[in-house]
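Asks: Below: one structure in structure tokens.
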Amino acid sequence: MTYLAKPRIHHPSLPKNALGFTHRDYEGAISTLCAGCGHDSISSAIIQAFFELDVAPHRVAKLSGIGCSSKTPTYFLGHSHGFNSVHGRMPSVLTGAALANRDLIYLGVSGDGDSASIGIGQFAHVMRRGVNMVYIVENNGVYGLTKGQFSATADKGSKSKRGVINSDEPIDLAMLALTLGATFVARGFSGDKEQLIPLIKAAVMHRGAAFIDVVSPCVAFNNHAGSTKSYDYVREHNDAVNRLDFISSRDEITTSYAPGETRSVTLHDGGTVRLHKLNTDYDPSDRVGAMSFIESRRAAGEVVTGLLYLHPDSTDMHDALETVAAPLNALTDADLVPGNGALAAVNASLR
Amino acid sequence: MSPPVRINDFVVKFANVNGSGSASANGLFAKAVLRMGVPVAARNIFPSNIQGLPTWYEVRVVEDGWRGRRGGVDLMVAMNPQTWEKDVAEVDAGGYLFYDSTKPLPPSRFRDDVTSLGIPLTGICNAEYTDARQRQLFKNIIYLGALSAFLDIDPAEIEKLFGEQYKGKEALLESNRKAFRMGRDYALAHFECPLPIRVKRSNRVGDRIFIDGNSAAALGSVYGGATVAAWYPITPSSSLAEAFMSYCRKFRTDPVTKQKRYAILQAEDELASIGMVIGAAWNGARAFTTTSGPGVSLMQEFLGLAYFAEIPVVLFDVQRGSPSTGMPTRTQQADLLSCAYASHGDTKHVLLLPEDPTESFAFAAQAFDLADRLQTPIFVMLDLDIGMQDWLCEPFAWDDSRRMDRGKIMTAADLDAGRDFGRYLDVEGDGIPYRTYPGTHPTKGSYFTRGTTKDRYARYTEEGVAYVDNMQRLLRKFDTAKALVPAPVIRKAAKPTRSGVIWFGSTGAAMAEALAALELDGIHVDQMRLRGFPFADAVHEFIAAHDRIFLVEQNRDAQMKALLVNECGVDPARLISVLHYDGTPITARFITREIAEKARLFNVTPLRRVAP
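Line order of the protein sequences matches chains A and B. Our numbering applies: residue -11 is where the first sequence begins, and numbers increase by one. Our numbering applies: residue 73 is where the second sequence begins, and numbers increase by one.
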């Protein structure tokens, strides 16, 4: 992290979007995460996505749970209201917020501990309900703030910094979202903004539950011998070791690749994720096909990223509830209170 | 010698099998008595079961209008063979046992001091109906007919009720009428009717209404402007959410578009319920959840967040009995401490304590104003007795000039005018800060809501000074609440006394009767009914003005006493607990006996007025 405050003034020639806002208007406070943390790259992608989308920052509500990832809403969209709720329960708070005012954009930010462990119940139900939101999980497979315990998305057989072998099957949140009826499901990589920014933009524009699982390396707690994600392991098993410089310099990792390719990317913790860019003939409107594809690639040790599924004609929770077009929080006494005459009739019916 | 005639003062108890359709007939019975201008106090005593277990419905016909259970039974309608022995044993000596005599029972199953009234209900039904369900349902209506003869209930009132219930369903109306007549005619032909216990038309009901507290609280929430409800089914609170749905459908459907001016979600659990309510309230909608003790336990973490982040949520706790699953269909007032101090760390919450459905309506509506005004969770503490029983109570009232009090909201115009916005800044000295709704202004007034500590401008800090500053402000805010919650109702005894009695909630049903009985015994006590927490100054003053105070509660651990001792610094020895916690509603007989005994122990006698 840096201790230098961002200057308030900026160059007059900074590009502006259609609303006249500059990139700076979408930024937040300085990050207090570790230098080079993948989460900061995601924050940056979120900033860029909203800037490019010409969304007024204050029309976004950003909500999170607890953990490293859930701290990040402080670091982007500083003019948006934010809500850092309790561990694993962001989905319910977001659902309630969405009920109150259907006119805002809801951005939920969570982590693999927050969503796949303590919050898996709420994760499941917020997808089922089709809440109109973008739900981003910043997935590093590890508990950072409590210093390196496995999360529920950690690979089976991987080794923790303390030497413990993970014997549990990993939870694939994207697969889960698919089975639970999310109408937009994607997976990104924090080191690949070229891919991630368009995914976020598409998710914002999507109506209904949009989920993005973003693989986001933890630089602090997985860089040890014996881990399937350690630097040494990757160097011995993968030619991605050439990216060593990124790790030592604590810079952001970025990757670029053309569609149709499969390639290995060394993560900050030294682990390797094989990113498989989706085939050009992949059909993201085929939910069952998507699930089958993801599982078959996982069996081959690959992680599928990109837009996995998009329901062409999605609806959301408000459609299902048949609520009025006006936000519920804007309704007045005249809209809501039946008055004394109606009450007299109720009284009469109870005698 | 025939027993003395007792008019409008007796208890009828129906012993039924759960799921047999008896509730409807029993409800008609109570309503018919009410239509004759005679007050009733009615209670369902039911198991946690859908079908098959025993269930009872008790109707106290009471000219004097007492609302509690009396204790004892004058006429048992024994329709459940499973509970026969117990039901027969429960009848007061000189009372009546009405039963189905289709299958002969040996004399040993009856009592000599109880008059048996046997009617072959099953036999009549089997002769009349072929369908099994009809046989069961009409049996209930047949016994209702017989009861109308036994107790001199005007058959026209019941037929009128049939007419209202089966409006537009002529076939059903006619078949019910017929069954009713069969029972009535049989009783008239075979017994001397009416019995010495009987109903006589009166005018003691007035304009009062007959309704349960959960429906009342739901309607109060509609009037209070609630637009979001999130809940998870749990007895005895589920009917509150369901009543809210039904009232909203009626009152909140847009007449043109047919769209809804409300959103109700059945959440996946209580954690999600309260989370949704917090999210909605944070975003400027009036929102509530309804639950019972186990749900409150599950919500503890979120309640701490709502307290600390100052989110205006409303929570209805329809209290049931016991820790754990306990007695889900029984009543207690045993969640006081788990609500008043809900969550970890230093927390205190506002409680409202309605005594009946009328107050459940009023307090529900008020709870939303209080939540917005105080920006904190408001607990409306019902219990099963209030929530799920039909009460004869004052009609609901509403002032059309009343407007929602949304509390301290800073608008875009305020921000543009340059007003200083600190989310946790105490501007007026009452401890209540201003808030902005999300999306208010493009560049001003946004803030980060969090459970972590923060300064007056909502900036994250773990500085001790900032923490203490904030916690002290929360105490000031709690102090402000004292004057905003419903004030206690205080009544002086007929004669000067140094003794007092305090009660709250559903205990009020039995209290008025108990106090009248105590007064007849020469025991005079000044009276205070608590209606809110934190305690108003009047509560402190009342306690200070008396040497000893009887504190009547429906829990084991004297939870209200703990609150009073803790919050008012009262010497515990001055608060003498009267505790009832077996899951049945407290009775006047119990209170009278307990207070009379304890009063003797403490030598409470009316004070002689000292000459000035």
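From the three backbone atoms N, C-alpha and C, an ideal C-beta is built for every residue, glycine too. Quick caveat: nothing in here was measured; it's all calculated off a predicted structure.
Taking the C-alpha atoms as reference points, what is the distance between PRO75(B) and ALA261(B)?
Replies: Taking the straight line joining both Cα atoms gives about 21 angstroms.
Asks: What do you reckon, are the CB atoms on ASN88(B) and MET151(B) nearer than 8 angstroms?
Replies: yes
Asks: When we look at the beta-carbon of HIS416(B) and count the other beta-carbons within 10 Å, is it buried (16 or more) or exposed?
Replies: exposed
Asks: Roughly how many angstroms separate the alpha carbons of PHE177(A) and LEU65(A), rounded to a whole number?
Replies: 21 angstroms
Asks: Closer than 7 angstroms by C-beta to ASP100(A): which residues in its own chain qualify, once you throw out the five before and the five after it? Chain order, please.
Replies: VAL125, ASN127, ASN128, GLY129, SER139, ALA140 and THR141
Asks: With 8 angstroms as the threshold, decide whether the Cβ of ASN328(A) is near any Cβ in chain B.
Replies: Yes, because at least one Cβ of chain B sits closer than 8 angstroms to the Cβ of ASN328(A).
Asks: Out of ALA161(B), VAL540(B) and GLY517(B), state which residue places its alpha-carbon closest to the alpha-carbon of PRO527(B).
Replies: As written in the sequence, residue 527(B) is Asp, which differs from the Pro given in the question. Closest by alpha carbon: VAL540(B).
Asks: Do we get a CB-CB distance below 8 angstroms when we pair TYR509(B) with the residues of chain A?
Replies: Chain A contact via Cβ: present.
Asks: Between which two residues does the beta strand (DSSP E) containing ASN127(A) stretch?
Replies: 121 to 127
Asks: For a quick check, are the C-beta atoms of VAL48(A) and LEU92(A) less than 8 angstroms apart?
Replies: yes
Asks: Grouping DSSP H, G and I as helix and E and B as strand, with all else coil, what is GLN438(B)?
Replies: DSSP places GLN438(B) within a helical segment (H, G or I) once states are collapsed to three.
Asks: On the DSSP letters alone, give me the boundaries of the beta strand (DSSP E) that THR187(B) sits inside.
Replies: In this chain, the beta strand (DSSP E) harbouring THR187(B) covers 187 to 191.
Asks: Around the Cβ of TYR506(B), are there at least 16 other Cβ atoms within 10 angstroms (buried) or fewer (exposed)?
Replies: buried
Asks: Are the beta-carbon atoms of ARG275(A) and LEU164(A) separated by less than 8 angstroms?
Replies: no
Asks: Counting only beta-carbon atoms, is SER57(A) nearer than 8 angstroms to chain B?
Replies: no
Asks: May I have a chain-ordered list of the alpha helix (DSSP H) segments no shorter than 4 residues that lie completely inside the stretch 461 to 496 of chain B?
Replies: 484 to 488
Asks: With contact counted as at least three CB pairs below 8 angstroms, one residue from each stretch, are the stretch 428 to 447 of chain B and the stretch 636 to 649 of chain B in contact?
Replies: no
Asks: Cβ closer than 9 angstroms: which chain B residues qualify as neighbours of THR134(A)?
Replies: None at all; the shortest Cβ gap to chain B is about 15 angstroms.
Asks: Counting only beta-carbon atoms, is ASP444(B) nearer than 8 angstroms to chain E?
Replies: Any reference to chain E falls outside this structure, whose protein chains are A and B.
Asks: Identify, in the order they occur along the chain, each residue of the same chain with its Cβ nearer than 6 angstroms to the Cβ of SER410(B), setting aside the five sequence neighbours on each side.
Replies: Excluding sequence neighbours, SER410(B) sits near VAL368.
Asks: What residues from chain A crowd round GLN372(B), counting only those whose CB sits closer than 8 angstroms?
Replies: Here the premise fails: no neighbours, minimum Cβ distance about 11 angstroms.
Asks: Using the three-state DSSP reduction, which class does VAL43(A) fall into: helix, strand or coil?
Replies: coil
Asks: Please decide whether ASP472(B) counts as near chain A, where near means a Cβ-Cβ distance under 8 angstroms.
Replies: yes
Asks: Hey, how far is the Cα of LEU425(B) from the Cα of ASN116(B)?
Replies: 22 angstroms
Asks: Say whether the stretch 449 to 457 of chain B touches the stretch 487 to 494 of chain B, bearing in mind that this needs 3 or more beta-carbon pairs closer than 8 angstroms, one atom from each stretch.
Replies: Fewer than three pairs of CB atoms, one per stretch, sit closer than 8 angstroms, so the stretch 449 to 457 of chain B makes no contact with the stretch 487 to 494 of chain B.
Asks: Anything in chain B within Cβ reach of ALA85(A), meaning under 8 angstroms, just list it in chain order.
Replies: GLY351, ALA352, TRP354, ASN355 and PRO510
Asks: Does any CB atom of chain A fall closer than 8 angstroms to the CB of GLU340(B)?
Replies: yes
Asks: How long is the line joining the alpha carbons of GLU157(A) and THR508(B), rounded to whole angstroms?
Replies: 44 angstroms
Asks: Would a C-beta distance cut-off of 8 angstroms place GLY356(B) and ASN89(A) closer than the cut-off?
Replies: yes
Asks: What separation, rounded to the nearest whole angstrom, lies between the Cα atoms of PHE433(B) and ALA243(B)?
Replies: 37 angstroms
Asks: Restricting to Cα atoms, I'd like to know which of GLY329(A), ARG285(A), PHE111(A) and GLY145(A) is closest to ILE200(A).
Replies: PHE111(A)
Asks: Assuming contact is defined by CB atoms lying nearer than 8 angstroms, are ALA565(B) and ASP598(B) in contact in what I supplied?
Replies: yes
Asks: Could you pull the start and end residues of the beta strand (DSSP E) that ASP307(A) belongs to?
Replies: Looking at the DSSP string, ASP307(A) is not in any beta strand (DSSP E); the run it does join, the alpha helix (DSSP H), is 305 to 309.
Asks: What residues of chain B sit near ASP321(A), judged by a beta carbon separation below 9 angstroms?
Replies: Going along chain B in sequence order, the residues near ASP321(A) (Cβ under 9 angstroms) are GLY297, ARG474, ARG475 and MET476.
Asks: On the CB-based measure, 16 or more other CB atoms within 10 Å of its CB, does LEU377(B) come out buried or exposed?
Replies: buried
Asks: Taking the continuous alpha helix (DSSP H) assigned at TYR539(B), which residues delimit it?
Replies: 536 to 554
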